[in-house]
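**Student:** Below is a structure I'd like to ask you about.
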């Protein structure tokens with residue numbers, strides 16, 4: 032695998048993702064679809080309540096500020112127009128935040144579900160070939176949550192740096208405007224790799240690698256990370272349904288793909 036090109040690793044990652052469907056069916060793991068779905072719905076309902084409450088408070092504060100500034104002057108219709116516009120913008124902001132943070136919610140909040148699923152899947156693989164190290168499920172649970180938080184924070188930091196370089200900098204140096212054009216592509220590529228790295232991290236943990244060693248392994252096999260992360264990214268970006276399709280057809284299946292790939296890598300050594 033060391034001599035395999037990034038492109039071939041990418042194709043291998045896609046193949047293992049496609050094989051994850053049959054792996055789940057053949058090993059009687061379909062119940063994890065239901066578990067992931069229930070966990071997703073519960074978490075997203077909680078997030079929706081939090082964002083809605085925050086939006087209502089922000090709206091009330093903004094309306095009060097508008098009335099304080101304008102009072103009951105003859106231009107009341109202007110105030111009403113501003114209020115309507117402000118409420119619409121707050122609604123759009125809340126909707127955008129739900130879409131924007133769905134990824135982070137899935138990776139962090141559902142990490143306990145993914146960790147338990149990893150333990151069950153690894154046992155299936157372990158019964159056929161001694162590729163993985165026996166792990167305590169509680170340890171896997173803690174490791175999964177910690178790694179998910181670290182990956183999310185790292186991606187957030189890199190995304191900010193990418194934004195500053197590709198969007199903020201060209202604003203002051205117009206000659207670098209081409210960077211703004213490629214920003215969406217670079218941002219998407221970064222997200223895809225992090226999706227793959229998050230999925231592979233569960234597999235690296237089963238091989239006994241620590242969090243930092245797992246991150247280095249995901250970069251070493253970045254083609255695999257991109258190949259596994261692409262379906263996850265695609266599942267998460269489906270309009271409206273992304274928060275459901277992401278965990279089911281992204282997280283769960285990508286974890287299966289990562290575990291089967293890691294098992295293959297271990298057997299080849």
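Residue numbers (my numbering): 32 to 300. Where a beta carbon is used, it is the ideal one built from N, C-alpha and C, also for glycine.
How many angstroms separate the CA atom of residue 189 from the CA atom of residue 56?
**Tutor:** So the alpha carbons of these two residues sit roughly 37 Å apart.
**Student:** Under 8 Å Cβ to Cβ from residue 141, same chain only, skipping five residues before and after it: list those, please.
**Tutor:** The residues are 67, 70, 71, 74, 278 and 282.
**Student:** Suppose the cutoff is 6 Å on Cβ atoms and the five residues either side in sequence are ignored; what does the same chain contact list for residue 242 look like?
**Tutor:** Only 178 meet the Cβ criterion.
**Student:** Counting only the same chain and skipping the five closest in sequence on each side, list residues whose C-beta sits under 6 Å from that of residue 47.
**Tutor:** The answer, listed in chain order, is 288, 291 and 292.
**Student:** Measure how close the beta-carbons of residue 255 and residue 44 come, nearest whole angstrom, since I'm counting them as under 8 Å.
**Tutor:** At roughly 4 Å, the Cβ-Cβ gap stays under 8 Å, so residue 255 and residue 44 are in contact.
**Student:** List the endpoints of the continuous alpha helix (DSSP H) containing residue 249.
**Tutor:** Note, residue 249: alpha helix (DSSP H), 242-251.
**Student:** Could you check the C-alpha separation between residue 138 and residue 229 for me, to the nearest Å?
**Tutor:** Distance between the alpha carbons of residue 138 and residue 229 is about 8 Å.
**Student:** Would residue 226 and residue 273 be called neighbours here (beta carbons separated by less than 8 Å)?
**Tutor:** The answer is no: Cβ separation not under 8 Å.
**Student:** Hey, how far is the Cα of residue 325 from the Cα of residue 148?
**Tutor:** The first residue shown for the chain is 32 and the last is 300, placing residue 325 beyond what the model contains.
**Student:** Can you tell me where the alpha helix (DSSP H) holding residue 206 begins and where it ends?
**Tutor:** It is not in any alpha helix (DSSP H) - residue 206 carries neither H nor E in the DSSP assignment.
**Student:** Check whether the Cβ atoms of residue 210 and residue 201 lie closer than 8 Å to each other.
**Tutor:** Contact flag set, yes.
**Student:** Taking its Cβ as the centre, do 16 or more other Cβ atoms sit within 10 Å of residue 36, making it buried, or is it exposed?
**Tutor:** That one is exposed.
**Student:** What is the rounded straight-line gap between the Cα of residue 33 and the Cα of residue 280?
**Tutor:** In this predicted model, residue 33 has a pLDDT of only 49, less than 50, meaning its place in the structure is not dependable enough to derive any value.
**Student:** For residue 278, which three-state DSSP category applies?
**Tutor:** Of the three classes helix, strand and coil, the one that applies to residue 278 here is helix, per DSSP.
**Student:** Quick one: what's got a C-beta closer than 7 Å to residue 54's C-beta in the same chain, skipping five residues either side?
**Tutor:** Closer than 7 Å at Cβ, skipping near neighbours: 287 and 291.
**Student:** By alpha-carbon positions, which one of 153, 199, 269 and 207 ends up nearest to residue 235?
**Tutor:** Checked all of 153, 199, 269 and 207; the closest Cα to residue 235 is 153.
**Student:** Buried or exposed: residue 250, going by 16 or more other Cβ atoms within 10 Å of its Cβ?
**Tutor:** It counts as exposed.
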